[in-house]
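Each residue of the sequence shown is one higher than the last, beginning at 0 in numbering that gives the first Met the number 0. Each residue gets a CB set at the ideal place from its N, CA and C atoms; glycine is no exception. Computed from a predicted model, the values in this text were never measured in an experiment.
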Amino acid sequence: MRVVVAESTTARRLPGVDGLWVFIGADAVIFGILFLSFMQDRLHNPAMFEASRRTLNMNLGGIDTLILLTSSWAVALAIQAIKRDLFDRAPRYLLGGVLTGLMFVGSKSFEYFQKFAHGITPATDAFYMWYFTLTGIHLIHVVAGTGLLAYLWLGARRAAYTSSHRVLPECVASFWHLVDLLWIVLFPLLYLMRAA
Numbered sequence: 000m001r002v003v004v005a006e007s008t009t010a011r012r013l014p015g016v017d018g019l020w021v022f023i024g025a026d027a028v029i030f031g032i033l034f035l036s037f038m039q040d041r042l043h044n045p046a047m048f049e050a051s052r053r054t055l056n057m058n059l060g061g062i063d064t065l066i067l068l069t070s071s072w073a074v075a076l077a078i079q080a081i082k083r084d085l086f087d088r089a090p091r092y093l094l095g096g097v098l099t100g101l102m103f104v105g106s107k108s109f110e111y112f113q114k115f116a117h118g119i120t121p122a123t124d125a126f127y128m129w130y131f132t133l134t135g136i137h138l139i140h141v142v143a144g145t146g147l148l149a150y151l152w153l154g155a156r157r158a159a160y161t162s163s164h165r166v167l168p169e170c171v172a173s174f175w176h177l178v179d180l181l182w183i184v185l186f187p188l189l190y191l192m193r194a195a
């Protein structure tokens with residue numbers, strides 16, 4: 000007896016375009032190198048890194064995490080709405096992504112201002128040099144991603160994206176999910192993992 004398996008007529012593909020995945024891969028490698036460098040510096044002075052880590056506002060870092068996870072969820076819902084040609088839903092979900100992106104920027108700015116008000120700067124010690132470097136580069140990604148989401152939101156309000164015209168939204172969503180993934184690594188690395 001022979002079993003015949005039907006082949007799928009639609010090839011599976013990564014969302015977006017190939018060049019985007021090269022960018023995402025390169026960005027992930029750069030952050031990976033930065034993470035490893037941070038951990039190496041932490042090994043050389045665990046007491047100082049631990050003392051500085053304890054001065055971070057863990058609750059605010061947790062709120063930032065929830066904000067970005069919510070944002071990622073909203074963007075995923077927007078992409079699903081675009082794939083299904085649900086023109087009334089996609090703009091709402093994208094607006095949710097924009098607003099939560101802005102919330103993260105506001106929260107991180109507040110945290111920076113708190114640190115500066117207490118005299119804590121990148122020059123304070125090696126931990127804070129890494130903290131401001133890693134979160135600052137990430138924040139630049141969030142600002143860029145939020146701007147891209149706002150651009151998508153404007154297009155979605157005009158029904159510019161459809162199930163057959165969704166490459167740009169998929170590219171932006173993939174970048175946005177990278178931004179969230181980077182924070183999911185940054186939050187425990189900076190806020191939760193004890194150095195000593």
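Helix or strand or just coil, what does DSSP make of H43? Residue mapping note: residue 43 aligns to position 44 of the sequence shown, counting from 1. It is helical.
Taking 8 Å as the threshold (C-beta atoms), are W175 and V74 in contact? Reading the sequence shown from its first residue, position 75 is the one you call residue 74. Reading the sequence shown from its first residue, position 176 is the one you call residue 175. In this structure, W175 lies closer than 8 Å to V74 by Cβ.
L93 and W152 look like a contact to me (Cβ under 8 Å); what is the Cβ gap, rounded to whole Å? Against the sequence shown, residue 93 aligns to sequence position 94. Against the sequence shown, residue 152 aligns to sequence position 153. Sure, about 4 Å apart at Cβ, within 8 Å.
Which residue wins for smallest C-alpha separation from V141, given the options K107, C170 and G24? In the sequence shown, residue 141 corresponds to position 142, counting from 1. The residue with the shortest Cα to Cα distance from V141 is K107.
Could you give the C-beta distance for Y130 and L189, rounded to a whole number, given that I count them as a contact under 8 Å? Residue mapping note: residue 130 aligns to position 131 of the sequence shown, counting from 1. Residue mapping note: residue 189 aligns to position 190 of the sequence shown, counting from 1. At roughly 6 Å, the Cβ-Cβ gap stays under 8 Å, so Y130 and L189 are in contact.
Work out the CA separation of N58 and I136 for me, nearest whole Å. To locate residue 136, count along the sequence shown from 1; it is residue 137. To locate residue 58, count along the sequence shown from 1; it is residue 59. Going from the Cα of I136 to the Cα of N58 covers about 21 Å.
Less than 8 Å between the beta carbons of L185 and T134, yes or no? The count along the sequence shown starts at 1 and reaches residue 185 at position 186. The count along the sequence shown starts at 1 and reaches residue 134 at position 135. A contact, by the Cβ cut-off of 8 Å.
So is E6 buried or exposed if we call it buried at 16+ other beta carbons inside 10 Å? Here the question's residue 6 lines up with position 7 in the sequence shown. With a pLDDT of 49 at E6, under the threshold of 50, the predicted position of this residue should be treated as unreliable, though the coordinate-derived value follows. Looking at its Cβ environment, which holds fewer than 16 other Cβ atoms inside 10 Å, E6 is exposed.
Pull up the DSSP beta-bridge partners for T161, would you. Numbered from 1 along the sequence shown, position 162 holds the residue referred to as residue 161. For T161, which the question treats as bridged, DSSP gives the partners H164.
How would you call F109, buried or exposed, if buried means at least 16 neighbouring beta carbons within 10 angstroms? Stepping through the sequence shown from its first residue, residue 109 is reached at position 110. Exposed, by the Cβ-count rule.
One question on the structure: do G144 and G100 come within less than 8 Å of each other, judged by their Cβ atoms? By one-based count along the sequence shown, residue 144 stands at place 145. By one-based count along the sequence shown, residue 100 stands at place 101. Cβ distance < 8 Å, so G144 and G100 count as in contact.
Is the distance from the Cβ of F22 to the Cβ of F126 below 8 Å? Translated into the one-based positions of the sequence shown, residue 22 becomes position 23. Translated into the one-based positions of the sequence shown, residue 126 becomes position 127. The answer is no: Cβ separation not under 8 Å.
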